[in-house]
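In the working numbering, the protein residues as written are 699 to 828.
No residue lacks a Cβ here, since even glycine has one placed at the ideal position from N, Cα and C.
A quick write-up on the structure given underneath.
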Amino acid sequence: MNAPATVLAIEDNAPLRNMIQRRLERLNFDVHVAENGEQGERLARSIQPDIILMDMHLPGKNGWEIAADLKRSEETRGIPIIAVTAHAMAGDRERTIRAGCNDYISKPIDFHILEEKIRYLINGTAVPVR
Ligand code: MN
């Protein structure tokens, strides 16, 4: 059995951050969390997670700026990023991809869809339908 994949979740809303951690741990991911972009960038460099799940609306640097930073840095540019956007706004989504994010998901998060996106980006395979 493979070691669990490591997910870094950057989310400033504490209840949502805790829920993301709990739900992803239940799906057997090794989950690390950050509450702002600066902390997230630091952890991305030190942990080298398999994937980053990032809220785009954060205090201080927003998700678009952080994504651009992570993709500019040789240390972190290979880590796929899933953007979490507050609205299903088409403009927001396009901006996440332009900023270097690999995929996006809207709030409220559908964890079944999120799991598929994570596994697809990490392994290039879809999870079996349950
Ligand atoms: Mn937020």
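(request) Sort Ile749, Ala784, Ala707 and Asp808 by Cα distance to Glu736 and report the nearest one. (result) For the purposes of this step, residue 736 is taken as residue 38 along the sequence shown, with counting starting at 1. Cα-wise, what sits closest to Glu736 is Ala707.
(request) Express the C-alpha separation of Ala701 and Met781 in angstroms, rounding to a whole number. (result) Start at 1 with the first residue of the sequence shown, and residue 781 comes out as number 83. Start at 1 with the first residue of the sequence shown, and residue 701 comes out as number 3. According to the sequence provided, residue 781 is Ala. The question's Met does not apply to it. So the two alpha carbons sit approximately 24 Å from each other.
(request) Figure out for me which residue from Glu763, Ala742, Glu773 and His730 has the closest Cα to the Cα of Thr794. (result) Along the sequence shown, read from residue 1 onward, the residue named residue 794 stands at position 96. That would be Glu763, whose Cα lies nearest to the Cα of Thr794.
(request) Please list, following the chain, all residues that have a C-beta closer than 6 Å to any non-hydrogen atom of ligand 3. (result) Absent from the structure shown: ligand 3. Ligands present: ligand 1.
(request) Determine the extent of the alpha helix (DSSP H) in which Leu819 is found, giving its start and end residues. (result) Here residue 819 is taken as the residue at index 121 of the sequence shown, counted from 1. Phe809 to Asn821 is the span of the alpha helix (DSSP H), which, as asked, contains Leu819.
(request) For Thr783, collect the residues of the same chain with a Cβ closer than 6 Å to its Cβ; drop the 5 residues on either side in sequence, then sort them by chain order. (result) Position 85 of the sequence shown, counted from the start, is the residue given in the question as residue 783. In its chain, beyond the 5 residues on either side, Met754, Asp790, Tyr802 and Ser804 have a beta carbon closer than 6 Å to the beta carbon of Thr783.
(request) Assign Leu706 to one of three DSSP states: helix, strand, or coil. (result) What you label residue 706 is simply residue 8 of the sequence shown in a count that begins at 1. Three-state DSSP puts Leu706 in a strand.
(request) Please classify Arg828: is it buried, with 16 or more other beta-carbons within 10 angstroms of its beta-carbon, or exposed? (result) On the sequence shown, position 130 is the one that residue 828 refers to. With a pLDDT of 45 at Arg828, under the threshold of 50, the modelled position of this residue cannot be trusted, and the question is left open.
(request) Note down, in chain order, each residue of its chain lying with its Cβ closer than 8 Å to the Cβ of Ile811, except the 5 sequence neighbours on either side. (result) As a first step, residue 811 must be located in the sequence shown, where it is residue number 113. Cβ within range, chain order: Ile803.
(message) According to DSSP, simplified to helix, strand and coil, what is Met752?
(response) Taking the sequence shown and counting its residues from 1, the one referred to as residue 752 is at position 54. Of the three classes helix, strand and coil, the one that applies to Met752 here is strand, per DSSP.
(request) Could you tell me the distance, in whole angstroms, from the CA atom of Gln719 to the CA atom of Arg817? (result) Taking the first residue of the sequence shown as 1, we reach residue 719 at position 21. Taking the first residue of the sequence shown as 1, we reach residue 817 at position 119. Cα to Cα, the separation comes out at about 16 Å.
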